[in-house]
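A.B. asks: Take a look at the following structure, please.
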Amino acid sequence: MHIADAGTDQPLQLLVLERRDDARNMARWYVLSIEPTLFGDQALIREWGRTGSAGRRLGHPYSSKAAAAEALEAWLARKLRRGYRIRATEDATMPLTTRASARRVQG
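For the sequence shown, the numbering used here begins at 1 and goes up steadily by one.
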């Protein structure tokens with residue numbers, strides 16, 4: 001599965017996902033992004049938490065952007081199977097969104 005922005009052929013750089021189930025009092029967010037590291041590699045950054053919380057952040061370094069994009073697609077597939085829905089995206093032609101502005105999209 002190759003995920004790209006519909007308007008371009010660029011791989012996605014940022015995905016904001018959301019999962020809500022009022023019957024179970026569940027409101028969660030998940031952010032997947034690809035960001036450069038200080039050492040010239042690329043990292044898949046995963047952030048998640050309950051809506052309104054600061055959440056957690058974890059980075060996974062990769063030697064290439066292609067490898068990071070493949071990992072992003074694997075995490076996206078996993079989250080979609082768990083009931084998350086895509087709320088916002090950014091492709092590689094746009095500047096990366098900062099963590100704070102990604103949270104504003106959360107709600």
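Glycine is no exception: its CB is placed at the ideal position from the N, C-alpha and C atoms.
Note down the Cα distance separating Ile114 from Pro36, rounded to an integer number of angstroms.
C.D. replies: Past the boundaries of the shown model lies residue 114; the chain is included only from 1 to 107, so the question cannot be answered.
A.B. asks: Is it buried or exposed, Ser33, if we count other Cβ atoms within 10 angstroms and call 16 or more buried?
C.D. replies: In the sequence shown, counting from the first residue as 1, residue 33 sits at position 33. Classification for Ser33: buried.
A.B. asks: Would you check if the distance between the CB atom of Arg57 and the CB atom of Glu73 is smaller than 7 Å?
C.D. replies: The residue given as residue 57 occupies position 57 in the sequence shown. The residue given as residue 73 occupies position 73 in the sequence shown. Cβ distance not < 7 Å, so Arg57 and Glu73 don't count as in contact.
A.B. asks: Is the CB-CB distance between Ala84 and Leu17 below 7 Å?
C.D. replies: As a working note, residue 84 is residue 84 in the sequence shown. As a working note, residue 17 is residue 17 in the sequence shown. In the sequence on display, residue 84 carries Tyr and not Ala. Taking 7 Å as the Cβ cut-off, Tyr84 and Leu17 qualify as a contacting pair.
A.B. asks: Using CA atoms only, rank isn't needed, just tell me which of Ala23, Asp21 and Tyr62 is closest to Gly40.
C.D. replies: Here residue 40 refers to the residue found at position 40 of the sequence shown. Of the candidates Ala23, Asp21 and Tyr62, the one whose C-alpha sits nearest the C-alpha of Gly40 is Tyr62.
A.B. asks: With a Cβ-Cβ cutoff of 7 Å, do Leu44 and Ala68 count as a contact?
C.D. replies: Start at 1 with the first residue of the sequence shown, and residue 44 comes out as number 44. Start at 1 with the first residue of the sequence shown, and residue 68 comes out as number 68. Against a cut-off of 7 Å, the Cβ pair of Ala68 and Leu44 comes out as a contact.
A.B. asks: Locate the beta strand (DSSP E) running through Ala43, then write down its first and last residues.
C.D. replies: The residue given as residue 43 occupies position 43 in the sequence shown. Where Ala43 is concerned, the enclosing beta strand (DSSP E) stretches over Gln42 to Arg50.
A.B. asks: So the beta strand (DSSP E) Ala67 belongs to, where does it begin and stop?
C.D. replies: If you number the sequence shown from 1, residue 67 lands on position 67. Counting along the chain, Ala67 falls outside any beta strand (DSSP E), though it belongs to the alpha helix (DSSP H) covering Lys65 to Arg81.
A.B. asks: Relative to the C-alpha of Ala66, which candidate in Gly52, Gln42 and Ala54 has its C-alpha closest?
C.D. replies: Locating residue 66 in the sequence shown gives position 66, where the first residue counts as 1. Checked all of Gly52, Gln42 and Ala54; the closest Cα to Ala66 is Gln42.
A.B. asks: Given a threshold of 16 other Cβ atoms within 10 Å of its Cβ, counted over all protein chains shown, does Leu112 qualify as buried or as exposed?
C.D. replies: Lying outside 1 to 107, the shown extent of the chain, residue 112 is not represented and no answer is given.
A.B. asks: Rounded to whole angstroms, what is the Cα-Cα separation between Ser64 and Asp21?
C.D. replies: Residue mapping note: residue 64 aligns to position 64 of the sequence shown, counting from 1. Residue mapping note: residue 21 aligns to position 21 of the sequence shown, counting from 1. Distance between the alpha carbons of Ser64 and Asp21: 37 Å.
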